[in-house]
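According to the working numbering, the sequence shown is numbered sequentially starting from 70. Just so it is clear, CB atoms sit at the ideal spot from N, CA and C, and this is done for glycine as well. Since the structure comes first, as structure tokens, the remarks are kept for the end.
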Amino acid sequence: WAAKIDLATEEISYLTSGPRFAFDLAVSSTGRVAVLDGTAERPYELSALEEGVRQLTHHNDWLAAKSLAQTRDVSFRSGKQEIHGILTLPLGYEEGKKYPLIARLHGGPVYQFSHEFMFDWQYYAANGYAVLAVNPRGSSGRGFDFAKAIYADWGNVDVKDISAGISHVIDMGVADPERIGVGGWSYGGILTDYMIASDRRIKAAVSGAGMANFLTGYGADQYVFEYEQELGLPWRDTKTFERVSYPFFKADRITAATMFQCAGEDWNVPCIGSEQMYQALRSREIDTVLVIYPGENHGLTRPSFLSDRLARDAAWYDKYLKAE
Numbered sequence: 070w071a072a073k074i075d076l077a078t079e080e081i082s083y084l085t086s087g088p089r090f091a092f093d094l095a096v097s098s099t100g101r102v103a104v105l106d107g108t109a110e111r112p113y114e115l116s117a118l119e120e121g122v123r124q125l126t127h128h129n130d131w132l133a134a135k136s137l138a139q140t141r142d143v144s145f146r147s148g149k150q151e152i153h154g155i156l157t158l159p160l161g162y163e164e165g166k167k168y169p170l171i172a173r174l175h176g177g178p179v180y181q182f183s184h185e186f187m188f189d190w191q192y193y194a195a196n197g198y199a200v201l202a203v204n205p206r207g208s209s210g211r212g213f214d215f216a217k218a219i220y221a222d223w224g225n226v227d228v229k230d231i232s233a234g235i236s237h238v239i240d241m242g243v244a245d246p247e248r249i250g251v252g253g254w255s256y257g258g259i260l261t262d263y264m265i266a267s268d269r270r271i272k273a274a275v276s277g278a279g280m281a282n283f284l285t286g287y288g289a290d291q292y293v294f295e296y297e298q299e300l301g302l303p304w305r306d307t308k309t310f311e312r313v314s315y316p317f318f319k320a321d322r323i324t325a326a327t328m329f330q331c332a333g334e335d336w337n338v339p340c341i342g343s344e345q346m347y348q349a350l351r352s353r354e355i356d357t358v359l360v361i362y363p364g365e366n367h368g369l370t371r372p373s374f375l376s377d378r379l380a381r382d383a384a385w386y387d388k389y390l391k392a393e
């Protein structure tokens, strides 16, 4: 929220309210303040912070004539921990009807889904899906201990939290337990690999820019320092590396049809992670495909590739979650 603080009394006056997200604060030489501000139903617009919030741009006014899916906060228990998520209901949602569910998994892992406009959530909802965005342990926004809960223990409590979220939406009567999908990019892709190796309810997955064999990641990506600080040395602490690499070393657990994607020039999470998982599933005769976007780095930037990725994702989910 945007707010003013009286420096003399330390009294806080809120300028905005309700679920929303604001970032990229900018202050001019004269003290004027601007910020990007939006909600789950309204993309970011530039606003000035004055006595209130004055919207400066109106690039997305055309959306007022469009039907958008509704989002709601959900909370649920995972063991003794309360977990937060954001649920986007299918467009035209009918209470009592069960829908295919896509669990979206964020990168980072120290990051969080917020009350911001996410085009992919709306796109899937418009095509008949419920979308659950989970902030599992390891996410930001809940303090140091919450973020550190996955330290040297990736794919454990975070996976349990995501599975608990899926169960919660099933128990709400929204999700069809036979039509569950997951997907994400970067650590979201890593989490996708963990999920398909852990939760047999998942029928379809899209793993983008993921890594499942961290023995291979060592020296191939930019995280040598982090690996050594958190996991140790591969030749000395091999079992630790293998433990967090269970999607690859326990690939015989996986039954979900999975599309793997990566960017050809990615030095952050190189394609070797996706290539190895693709080959593991192919060797096991599990439906799989590998898509490499040439000339791109960790985050895709070309509009044609962004459009292609979303179309491929939707077609993949439709094939396995909507088939009669």
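Just tell me which of 153, 127, 341 has its CA closest to the CA of residue 360.
Along the sequence shown, one-based indexing puts residue 360 at 291. Nearest of 153, 127, 341 to residue 360, Cα basis: 341.
Sort 174, 329, 355, 280 by Cα distance to residue 378 and report the nearest one.
Working through the sequence shown from its first residue, we reach residue 378 at position 309. When each option's Cα is compared against that of residue 378, the closest is 329.
Cβ of residue 194 within 9 Å of Cβ of residue 203?
If you number the sequence shown from 1, residue 194 lands on position 125. If you number the sequence shown from 1, residue 203 lands on position 134. No. Outside cutoff.
Note the first and the last residue of the continuous beta strand (DSSP E) segment covering residue 116.
Within the sequence shown, residue 116 is the residue found at index 47, counting from 1. Note, residue 116: beta strand (DSSP E), 114-118.
Selection from 233, 351, 142 that minimises the alpha carbon distance to residue 149:
As a working note, residue 149 is residue 80 in the sequence shown. Per the Cα distances, 233.
Just to confirm before moving on: does the CB-CB distance between residue 174 and residue 136 stay below 9 Å?
To locate residue 174, count along the sequence shown from 1; it is residue 105. To locate residue 136, count along the sequence shown from 1; it is residue 67. In this structure, residue 136 does not lie closer than 9 Å to residue 174 by Cβ.
Which of the three DSSP states is assigned to residue 327 in this structure?
Within the sequence shown, the letter at position 258 stands for residue 327. DSSP places residue 327 in strand when its eight states are reduced to three.
Tell me the rounded alpha-carbon separation between residue 181 and residue 210.
Position 112 of the sequence shown, counting from 1, holds the residue named residue 181. Position 141 of the sequence shown, counting from 1, holds the residue named residue 210. Their Cα atoms are separated by approximately 7 Å.
Return the CA-CA distance between residue 369 and residue 76, expressed in angstroms with no decimal places.
Here residue 369 refers to the residue found at position 300 of the sequence shown. Here residue 76 refers to the residue found at position 7 of the sequence shown. Whole-angstrom Cα-Cα distance: 43 Å.
Can you grab the Cα-Cα spacing for the pair residue 287 / residue 163, in whole Å?
Locating residue 287 in the sequence shown gives position 218, counting from the first residue. Locating residue 163 in the sequence shown gives position 94, counting from the first residue. So the two alpha carbons sit approximately 48 Å from each other.
From residue 197 to residue 251, what distance separates their C-alpha atoms?
Taking the first residue of the sequence shown as 1, we reach residue 197 at position 128. Taking the first residue of the sequence shown as 1, we reach residue 251 at position 182. Roughly 15 Å separates the two Cα atoms.
Just list the beta strand (DSSP E) runs in the region 220-288, keeping only unbroken ones of 3 residues or longer that don't cross its boundaries, in chain order.
244-254, 271-277
Please confirm whether residue 283 and residue 300 have their CB atoms less than 9 Å apart.
Locating residue 283 in the sequence shown gives position 214, where the first residue counts as 1. Locating residue 300 in the sequence shown gives position 231, where the first residue counts as 1. Cβ atoms of residue 283 and residue 300: closer than 9 Å.
C-alpha gap between residue 247 and residue 263, whole angstroms:
In the sequence shown, counting from the first residue as 1, residue 247 sits at position 178. In the sequence shown, counting from the first residue as 1, residue 263 sits at position 194. About 19 Å.
Buried or exposed, going by whether 16 or more other CB atoms sit within 10 Å of the CB of residue 74?
Taking the sequence shown and counting its residues from 1, the one referred to as residue 74 is at position 5. With fewer than 16 Cβ atoms within 10 Å of its Cβ, residue 74 is classed as exposed.
Which residue marks the beginning of the beta strand (DSSP E) containing residue 151, and which one marks its end?
In the sequence shown, the residue the question calls residue 151 occupies position 82. Counting along the chain, the beta strand (DSSP E) containing residue 151 begins and ends at 150-157.
Between which two residues does the alpha helix (DSSP H) holding residue 213 run?
Indexing the sequence shown from 1 puts residue 213 at position 144. Residue 213 -> alpha helix (DSSP H) spans 213-217.
Taking DSSP as the reference, what is the three-state secondary structure of residue 351?
The residue you call residue 351 lines up with position 282 of the sequence shown. DSSP places residue 351 in helix when its eight states are reduced to three.
Can you grab the Cα-Cα spacing for the pair residue 184 / residue 285, in whole Å?
On the sequence shown, residue 184 is found 115 positions in, with the first residue counted as 1. On the sequence shown, residue 285 is found 216 positions in, with the first residue counted as 1. Using only the alpha carbons, I get a separation of about 36 Å.
Bounding residues of the alpha helix (DSSP H) (the contiguous stretch that carries residue 389)
Along the sequence shown, read from residue 1 onward, the residue named residue 389 stands at position 320. Its alpha helix (DSSP H) spans residues 372-390.
Going by the beta-carbon positions, is the gap between residue 106 and residue 97 smaller than 9 Å?
Residue numbering aside, residue 106 sits at position 37 when the sequence shown is read from its first letter. Residue numbering aside, residue 97 sits at position 28 when the sequence shown is read from its first letter. Their beta carbons are not under 9 Å apart, which means residue 106 does not touch residue 97 by this criterion.
Give the straight-line distance between the Cα atoms of residue 389 and residue 169, rounded to the nearest whole angstrom.
Reading the sequence shown from its first residue, position 320 is the one you call residue 389. Reading the sequence shown from its first residue, position 100 is the one you call residue 169. Cα to Cα, the separation comes out at about 10 Å.
Taking only three categories from DSSP, how would you classify residue 181?
Here residue 181 is taken as the residue at index 112 of the sequence shown, counted from 1. In this structure, residue 181 counts as coil in the three-state DSSP scheme.
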